[in-house]
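Taking it in order: structure first as C-alpha cells, then the write-up.
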Amino acid sequence: MNVHAQKPAALIGDLALALASGAVEVIDLTHTLDPDFPVIVLPPEFGQCARFRMEEISAYDHRGPAWKWHNFTCCEHTGTHFDAPSHWISGRDVPNGSVDEIPAERFIGPVCVIDCSAGAKANEDFELTPQIIEAWEAEHGRIPAESWVLMRTDWSKRRGAEYLNMREDGAHSPGPTPETVKLLVDGRGIRGFGTETVGTDAGQGAHYTPPYPAHFFLHGAGRYGLQCLNNLDRLPPTGAMLIATPLKIRNGTGSPLRVIALVPSKDAQ
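Residue numbering for the sequence shown follows my numbering, beginning at 59 and increasing consecutively.
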C-alpha cells in the first residue's frame, strides 16, 4: 500500500468532513450583484464603468414554457470583483496577465486580515501604513509569502451615496499608501490585496506618487486585487483560506466573482 499516495486524498476527506460537521465554516465575502450596487465614478472625460443590468428572457411562459432565464450586462469591474494584472498599464505586459491565463491555483490562498475599522470610522481618508503592518505582525506574526492581505474597514456596511462618498474633489475612502503596497509586494511577496471599498486604492489615490499605487505596484508585479468585499468583520486575523475565482473571460482584465473564506468554527476550537 502506497501511504504517500493516500495522503492527498485523506486531506480532501478531512476537509469534507470538517465542512459537513461545521468544524470549518464557509463565509460569503460577496455583495449581491444588482442594479443598485455602486460602481466607481471616474472624471467625466474618461470612459465609465457600467452598472449591473438584467433582462428577463422567459419565465415559464410563451417565451419559454418550461424555463426561466436572463441576459445580464455589466463592466468587468462591477460589484465584488477581481482585478487582473492587465487591468493596469503597469501590468499590461505581465505574463499570464488576464483572467483566463491565470493558473486556477492562484485563486486560493491563506488570508491575513488587517483591522483598520476604528481608524476608518474616525477618518474617511484613513491610510494603511507600513507602521500598521509592522504592529499587526508584532502581534500575529510575519505575513507569509503568497498570502492574500485584506484591509478591513467595515466600509461594506455603508449603502448608497455613503459607499462612494463623493465630494467635489472626488471620492473619499480609506486605502493603502504607496510605501505600504511596496512593502506588501516586495517585502512580503503577497499574492493579492483586497478591500471593502470600490477600489484597492484610497478614494483620493490619484494624489499619491505614483497615482493609484495599489493598482500600479500590485499589477506591475503580477499580483491581484479584490474590491467591494463584504463581511470581513467575520474573519480572524489569520487562519482562514480564501477562494476567489473570476469568470474565465478571454483577455479579461477582471470579473465579478463570488468570494468565500473557509474559517475554523469558533465552536470547534
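Beta carbons: idealized from backbone N, C-alpha and C, even for Gly.
Just so it is clear, the structure is predicted and the values come from calculations on it, not from any experiment.
Residue range of the beta strand (DSSP E) that includes Ile301: One-based indexing of the sequence shown puts residue 301 at position 243. 298–302 is the extent of the beta strand (DSSP E) around Ile301.
Arg109 beta carbon near the ligand HEM (any heavy atom closer than 7 Å): The ligand HEM is absent from the structure shown, which contains no ligands of any kind.
Option in Cys107, His230, Leu300 with minimal Cα separation from Pro93: Looking up residue 93 in the sequence shown gives position 35. Ranking the options by Cα distance to Pro93, first place goes to Cys107.
Contact check, Ser116 vs Pro168, beta carbons under 8 Å: The count along the sequence shown starts at 1 and reaches residue 116 at position 58. The count along the sequence shown starts at 1 and reaches residue 168 at position 110. No. Outside cutoff.
Cβ pair count under 8 Å reaching 3, the region 162–178 against the region 123–136: no
Whole runs of the beta strand (DSSP E) within the region 125–176, excluding any shorter than 3 residues: 139–141, 166–173
Rounded C-alpha distance that separates Val61 from Leu73: Here residue 61 refers to the residue found at position 3 when the sequence shown is read from its first residue. Here residue 73 refers to the residue found at position 15 when the sequence shown is read from its first residue. Only weak support exists for where Val61 lies, its pLDDT of 44 falling under 50; the coordinates are left without a value.
Residues near Ala274 in its chain [Cβ-Cβ closer than 6 Å; skip 5 each side]: Indexing the sequence shown from 1 puts residue 274 at position 216. A small fix is needed here, since residue 274 is Phe in this sequence, not Ala. Counting only Cβ-Cβ distances below 6 Å, and skipping sequence neighbours, we find Ser148, Pro268.
Helix, strand or coil at Phe251 [DSSP, three-state]: Within the sequence shown, numbered from 1, the residue matching residue 251 stands at position 193. In the structure shown, Phe251 sits in a strand (DSSP, three-state: E or B).
CB contact flag (Asp183, Gly283, <8 Å): Within the sequence shown, numbered from 1, the residue matching residue 183 stands at position 125. Within the sequence shown, numbered from 1, the residue matching residue 283 stands at position 225. It is not a contact, given that the beta carbons lie outside the stated cut-off.
Buried or exposed (CB count within 10 angstroms, at least 16 for buried), His265: If you number the sequence shown from 1, residue 265 lands on position 207. The residue in question, His265, is exposed, as its Cβ has fewer than 16 Cβ neighbours within 10 Å.
Neighbour-count burial assignment, Gly137, 16 or more Cβ in a 10 Å radius: Here the question's residue 137 lines up with position 79 in the sequence shown. Burial call: buried.
Distance between Arg109 and Glu163 (C-alpha atoms, nearest Å): Here residue 163 is taken as the residue at index 105 of the sequence shown, counted from 1. Here residue 109 is taken as the residue at index 51 of the sequence shown, counted from 1. Glu163 and Arg109: Cα-Cα distance of roughly 29 Å.
Rounded C-alpha distance that separates Pro271 from Ile191: Position 213 of the sequence shown, counted from the first residue, corresponds to residue 271. Position 133 of the sequence shown, counted from the first residue, corresponds to residue 191. Each residue's alpha carbon lies about 17 Å from the other.
As assigned by DSSP and simplified to three states, the class of Ile318: Taking the first residue of the sequence shown as position 1, residue 318 is located at position 260. If DSSP states are grouped into helix, strand and coil, Ile318 belongs with the strands.
Identified DSSP bridge partners for Ile70: Taking the first residue of the sequence shown as 1, we reach residue 70 at position 12. Looking at the DSSP assignment, Ile70 forms no beta bridge with any residue, so it has no partner.
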